[in-house]
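Some notes on the structure that comes next.
Protein chains: 2
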Amino acid sequence: MDQNIQKLKDAGLKITPQRIAIMEFFEGNKSHPSINTIYENLKVNYPSISVSTIYNTVETLVKNNYLLELPIAKGKSFYDPDVSEHDHAYCVKCGRVYDIDPEKEKQAAPESLRGCEIVEVRKTYYIVCGDCRKTF
Amino acid sequence: MDQNIQKLKDAGLKITPQRIAIMEFFEGNKSHPSINTIYENLKVNYPSISVSTIYNTVETLVKNNYLLELPIAKGKSFYDPDVSEHDHAYCVKCGRVYDIDPEKEKQAAPESLRGCEIVEVRKTYYIVCGDCRKTF
DNA sequence: GACCTAATTTAGAATAATTATTATTTAGTA
DNA sequence: TACTAAATAATAATTATTCTAAATTAGGTC
């Protein structure tokens, strides 16, 4: 059975053409699109689709761990269908987001970053802090 | 001479009470405030200050590397006056941002994260990509 | 296959964060 | 003190996101 349909079923979600279209748009997509980019792309073949649906579906997919939400730059988030553990590179000039191959990253000069000028490296732990573990 | 005044002079910026107030607010401040938090706090003793000024000043301080802009969560950025190399922890429940002590981080179980549940670790390289190095 | 119901979609309003615009004010210099 | 460029403040405009409510539809049941 189609992978996307299976994923929706597994998550107990209804199979809708909108969800399928969004999931298909992400298949093998390494461009890390924003909500608006997804919308603009889908609109071409699916003029009736609504931005709300993109937001709703993306939120649902993130919650079910089928998509990663990347708040890498100010203002808006990017989304990545590759939920396996890997890092990202964000070009501060053009705004493109690149994947870092976890294998290559172990190298002293990671191949994925060849030809790039590294401006800064940021690491963030997404946690539930001590206070919140007590409270919730 | 006062550290903040010196910083502004070094950057070739005018010494204004607004800038001083904003910089003083950040002195020793480990709370990683958002623009709105800065505004709400300063308004108390400086009712005439404008949000635009907060945006302008913060942007200027970031450009001069006196402040770090942290787009850690969807929607808005946080700011950190500690521009030395260190990582952050973001609580997905309460939204607080914590500093990670670079020394303690080297430990197998970093002290700064004691009592926390680590949901995910994200690393991002802020770069100028190959294409952009050629073009710009 | 028709029917039912809850889930989903849609459009648009509302909110929030940020950027842009412009007139007024002010810091720093002559 | 006067001048000028820089900075501030108020507000409009833009962009991203969330909310609301009415209409539609997927998927189960008869």
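Residue numbers (the numbering used here), protein chains in the order written: chain A, 8 to 143; chain B, 8 to 143.
Note that the Cβ used here is the ideal one computed from N, Cα and C, for glycine as well.
query, result
"Taking the C-alpha atoms as reference points, what is the distance between TYR132 of chain B and VAL104 of chain A?", "10 Å"
"Is the beta carbon of TYR73 of chain B closer than 8 Å to that of PRO40 of chain B?", "no"
"Does the distance from the CB of CYS139 of chain B to the CB of LYS37 of chain A come in under 8 Å?", "no"
"Flag ASP9 of chain B as yes if its beta-carbon sits less than 8 Å from any beta-carbon of chain A, otherwise no.", "no"
"At which residues does the beta strand (DSSP E) containing ILE134 of chain B begin and terminate?", "124-135"
"Starting from ALA116 of chain A, trace the alpha helix (DSSP H) in both directions and tell me its first and last residue.", "First-last for ALA116 of chain A: undefined, no H or E at that position."
"Exposed or buried, which one is TYR46 of chain A when buried takes at least 16 other CB atoms within 10 Å?", "buried"
"In whole angstroms, give me the CA-to-CA distance for VAL65 of chain A and LYS81 of chain B.", "13 Å"
"Just checking: is the beta-carbon of HIS39 of chain B within a distance shorter than 8 Å of some beta-carbon in chain A?", "no"
"Pull up the CB-CB distance for ILE125 of chain B and TYR97 of chain B, whole angstroms please, since I reckon it's below 8 Å.", "Actually they do not touch by this definition, with Cβ atoms about 11 Å apart."
"Between which two residues does the alpha helix (DSSP H) carrying SER59 of chain B extend?", "58-70"
"How many whole angstroms separate the CB atoms of VAL119 of chain B and LYS113 of chain B, which I take to be in contact at a CB cut-off of 8 Å?", "Looking at the sequence shown, residue 119 of chain B is not Val but Ser. Not quite, the Cβ-Cβ distance comes to about 11 Å (not below 8 Å), so this is no contact."
"Against PRO78 of chain B, what residues of chain A qualify as contacts under a CB-to-CB distance less than 7 Å, listed in chain order?", "PRO78, ILE79, ALA80, LYS81"
"Beta-carbon separation of ASP106 of chain A and LYS130 of chain B under 8 Å?", "no"
"Less than 8 Å between CB atoms is the rule here; does LEU120 of chain A satisfy it with respect to chain B?", "yes"
"Pair every Cβ in the stretch 10-17 of chain B with every Cβ in the stretch 25-36 of chain B, then say whether three or more of these pairs are closer than 8 Å.", "yes"
"Please identify the residue among B:CYS123, B:CYS136, B:LEU75 whose C-alpha is closest to the C-alpha of CYS136 of chain A.", "B:CYS123"
"Which chain A residues are close to SER84 of chain B, counting only those with a beta carbon under 8 Å from its beta carbon?", "LYS81"
"If you draw a straight line from the alpha carbon of PRO109 of chain A to that of ILE134 of chain B, how long is it in whole angstroms?", "17 Å"
"Once the 5 residues before and after LEU75 of chain A are set aside, which same chain residues still bring their CB inside 6 Å of it?", "ASP87, VAL90"
"For ALA96 of chain A, decide whether its Cβ has a neighbour in chain B, counting only Cβ atoms nearer than 8 Å.", "yes"
"Is it the case that the Cβ atoms of ASN52 of chain B and ALA18 of chain B are separated by a distance below 8 Å?", "no"
"Compare the C-beta of ASP87 of chain B with all C-beta atoms of chain A and state if any pair is closer than 8 Å.", "no"
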